[in-house]
Each structure stands twice: as C-alpha cells, then as structure tokens.
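One structure is given below, encoded as structure tokens.
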Amino acid sequence: MPDPANVSAILTVRLTPEVERRLAREARRSRRSRSEVARAILEAHLAGPAADPNAEARRQSLLASAQDADRETLDFIEHAGDPRGWK
Numbered sequence: 001m002p003d004p005a006n007v008s009a010i011l012t013v014r015l016t017p018e019v020e021r022r023l024a025r026e027a028r029r030s031r032r033s034r035s036e037v038a039r040a041i042l043e044a045h046l047a048g049p050a051a052d053p054n055a056e057a058r059r060q061s062l063l064a065s066a067q068d069a070d071r072e073t074l075d076f077i078e079h080a081g082d083p084r085g086w087k
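Sequential numbering from 1 applies to the sequence shown in our numbering.
Written as structure tokens, this is what we have:
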C-alpha cells in the first residue's frame, strides 16, 4: 500500500509553445524535471498573497488608509496599487 504522504495527483495542462520552451529552459537550467519546476511555480504562486483576494484587499486598504488626505490617497492608489492578478 502506498505511503499517503507520497501520493500525488496527476494534472494535465495545455501550454503555448513559448511557455513550454520557457519551462523546459528553466528545467534544464535548474537540473530538475519539467514537473518539478511546474510544481514549484504553482506552489509559490498559490502560497503568495494573491491566493487570498480578501487579504490583498485588506493590505491595500491599510496602505491607503495611512495617507493623510483624499488627494494623496487617490495619488497613492493610482501609483502604488498592485493590480497583478486582478481582473
């Protein structure tokens, strides 16, 4: 019987040729398999602050609320907001 700690799921994804080339290049550079590189990228992305949109909204709200005036707040939001991952 397999050890439950070592059991993993299989995921099939479609990649553009460019993403596949970049993945293969990183795998060669780091001397890891493409699966290991993809798994590390997914784990890093899912562990980041973007994984919790509510936490990211709170973070940005706290940054904005630390500003003194409405104009400064609007300028701050416009220039310092981090829209990555938001649609």
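Think of the CB as a built atom: it goes at the ideal place given N, C-alpha and C, for glycine as much as any other residue.
Proximity winner among L15, L23, L62, relative to E92 (alpha-carbon distances): There is simply no residue 92 to check, as the chain begins at 1 and stops at 87 in what is shown.
Please say whether L62 and A80 have beta carbons closer to each other than 9 Å? Sequence index remark: in the sequence shown, residue 80 carries index 80 (1-based). Sequence index remark: in the sequence shown, residue 62 carries index 62 (1-based). Cβ distance not < 9 Å, so A80 and L62 don't count as in contact.
Grab me the residues of L46's own chain with a C-beta within less than 8 Å of its C-beta, minus the 5 sequence neighbours each way, in chain order. As a working mapping, residue 46 is identified with position 46 in the sequence shown. Excluding positions up to five away in sequence, the list is empty.
Would you mind giving the Cβ-Cβ distance between S33 and A27, rounded to the nearest angstrom? I have them listed as a contact below 8 Å. By 1-based counting over the sequence shown, the position of residue 33 is 33. By 1-based counting over the sequence shown, the position of residue 27 is 27. With a beta-carbon spacing of about 6 Å, S33 and A27 fall inside the 8 Å limit used to define contacts.
Residue range of the unbroken alpha helix (DSSP H) whose run includes I77: Along the sequence shown, read from residue 1 onward, the residue named residue 77 stands at position 77. Segment 70-80, the alpha helix (DSSP H) holding I77.
If you run the structure through DSSP and keep just helix, strand and coil, what is I10? One-based indexing of the sequence shown puts residue 10 at position 10. I10: coil per DSSP, three-state reduction.
Cα-Cα, which of R84, A66, G85 is closest to F76? Counting from one through the sequence shown, the residue named residue 76 turns up at place 76. It is A66 whose Cα lies nearest to the Cα of F76.
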